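Residue numbers (the numbering used here), protein chains in the order written: chain A, 1 to 383; chain B, 1001 to 1136.
For each residue, glycine too, the CB sits at the ideal point set by N, CA and C.
Keep in mind that this is a model prediction, so the values were computed, not measured.
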């Protein structure tokens, strides 16, 4: 099969300021991030002819991508709003690459944003459930929550590999070490295993600090042809490999607990790139819940099955470790911002990640998950 | 003041036999006439690709595949029951489902333990399948 990605590049990235005390809609957050991505690439709205957004849940709109196009005064030839939860940003990059390779558009803005921090007041779990417009007959009558879904996976993982709550807790401890170095981080103090285990139980075995905070966020990535990207401000970042993997929608239809669809997504990306997990120098993985980050590492192949917790607790994920993981502190630090894996993965590949920069990055990995098991995506990036 | 209600199943033509089966204390499953596998009506096409099903009745116990003890409820209707147990259960016939494990000492719940189905009536037409630990 002809690999379309060889002619594609990422030309710019940006985020909205996170955890600042401002009132912004999902649209405002998308615009703020997108303008930052345009500044990064040295282009304007007039240089963009495609827009792919996600679908905000706290501040929902039909055809959200049209709302963003209008706000940014982009005359799009191609636009759509994806609804694949945490997998939307990476899938957006992949759809953008297809659109550009087909010639339907030349420069595509991919962005994701939501104002969950501002909109979800009080009990976040209840607010999130109340905002959801559907009920699932085979899950919701039993009182299922999002943390409970991941807890079911975590319990199966602990059972299969003889792991302990301490192994789960090591994810948040490692994330805090990276997160507390960030200028805008709220929590500057170190976190301990005991600190995680002493936080309130949400759904066993997951404690409050095994779950990411709820936040506003916005992130944006500009995808264009490698040729065009060479004329823009920053070094083009190429997509060496891209893969998506699909599992069942309902947990009860997933035959292999605790597996997710990541092994499929990662294998496809590695096969496309002709690379193996040994080639990865730095990785940004989905870590809305501790178990999600652990499964990501194991299924991408960065560590053996059952050893994801140990990877974090032994320091292998640290900035000076074997493979630094979530160098900005991930979703554990920045909340529901699924897309934050992308700007950071791109900067790591370019070598301009500032205080987070890992030395000699050849291949930078980004990973996203939609639903605990439903949809996974992996990108392998390089200069 | 009206009581906050829990989310209830809203049967469709396809799922009605499952929910009304539960109302008459029967756990009904879709049996594939092509490959003999059994499913909840979350699927309308079998994993083998066949669309030829018949409804059968689950005969026996199930096994806990995973579980969680929920301490934070999705809505106020569940608050009175905290902490409660959600589990993935595999039935003897191979089908799996999500449900609650009820009337149980939380310390006794573990992956691999056997459970039996009991039914909780939601209204005049719908029942919910729930499970209790089997004492062996």
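For residue 1073(B), which of 167(A), 148(A), 267(A) has the nearest alpha-carbon?
-> The residue from 167(A), 148(A), 267(A) with its alpha-carbon nearest to that of residue 1073(B) is 148(A).
Apply the 10 Å Cβ neighbour rule to residue 1033(B) and answer buried if 16 or more other Cβ atoms are within range, or exposed otherwise.
-> Per the 10 Å Cβ criterion, exposed.
Proximal chain B residues relative to residue 57(A), where beta-carbon distance stays under 8 Å | Scanning chain B for C-beta atoms nearer than 8 Å to the C-beta of residue 57(A) yields nothing, as the closest lies near 14 Å away.
Residues that residue 1075(B) contacts on chain A, provided the C-beta gap is smaller than 8 Å | The answer, in chain order, is 126, 129, 130.
In chain order, what residues of the same chain have a beta carbon less than 6 Å from the beta carbon of residue 153(A), not counting five sequence neighbours either side?
-> Its chain contains 258, 291, 372 as the residues whose beta carbon lies nearer than 6 Å to that of residue 153(A), once the 5 sequence neighbours on both sides are disregarded; these appear in chain order.
Give the DSSP-derived three-state secondary structure of residue 220(A) in the structure shown.
-> DSSP places residue 220(A) within a strand segment (E or B) once states are collapsed to three.
Ends of the alpha helix (DSSP H) at residue 38(A)?
-> Element bounds for residue 38(A): 26-41.
Out of 374(A), 272(A), 266(A), 78(A), state which residue places its alpha-carbon closest to the alpha-carbon of residue 283(A).
-> The shortest C-alpha to C-alpha distance from residue 283(A) to any of 374(A), 272(A), 266(A), 78(A) is the one to 266(A).
The alpha helix (DSSP H) with residue 310(A) in it runs from where to where?
-> Counting along the chain, residue 310(A) sits inside the alpha helix (DSSP H) bounded by residues 308-313.
Report the option in 215(A), 341(A), 78(A), 264(A) whose CA atom is closest to the CA atom of residue 186(A).
-> Nearest in C-alpha terms to residue 186(A), of all of 215(A), 341(A), 78(A), 264(A), is 215(A).
According to the Cβ coordinates, are residue 222(A) and residue 7(A) closer than 7 Å?
-> Judged by beta-carbon spacing, residue 7(A) lies beyond the 7 Å limit of residue 222(A), meaning their Cβ atoms are not closer than that value.
Between residue 273(A) and residue 380(A), which are expected to be in contact by the criterion C-beta below 8 Å, what is the C-beta distance as a whole number of angstroms?
-> The Cβ separation is near 5 Å, so the contact holds.
Bridge partners - residue 1100(B), DSSP secondary structure assignment = BP columns for residue 1100(B) point to 1086(B).
Member of 374(A), 336(A), 312(A) whose CA lies at the smallest distance from the CA of residue 115(A) | Taking each of 374(A), 336(A), 312(A) in turn and checking the Cα distance to residue 115(A), the smallest one comes out for 336(A).
Over what stretch of residues does the beta strand (DSSP E) that includes residue 1028(B) continue unbroken?
-> First-last of the beta strand (DSSP E) with residue 1028(B): 1028-1032.
Going by DSSP, name the residue or residues bridged to residue 9(A).
-> Note: residue 9(A) sits in a beta bridge opposite 224(A), 238(A).
Got a sec, what are the start and stop residues for the beta strand (DSSP E) residue 1054(B) sits in?
-> Run containing residue 1054(B): 1053-1057, per the beta strand (DSSP E) assignment.
Return no unless some Cβ of chain A is closer than 7 Å to the Cβ of residue 1125(B).
-> So no, residue 1125(B) is outside the interface.
Using a Cβ cut-off of 8 Å, pull out every chain A residue sitting near residue 1099(B), in sequence order please.
-> At a beta-carbon threshold of 8 Å, the residues of chain A lying near residue 1099(B) are 142, ordered along the chain.
Can a CB atom of chain A be found closer than 7 Å to the CB of residue 1066(B)?
-> Residue 1066(B) counts as touching chain A.
At 4 residues or longer, and completely inside the stretch 319-355 of chain A: list those alpha helix (DSSP H) runs for me, N to C.
-> Runs of the alpha helix (DSSP H) lying entirely within the stretch 319-355 of chain A, each at least 4 residues long, are 330-334, 341-350 in chain order.
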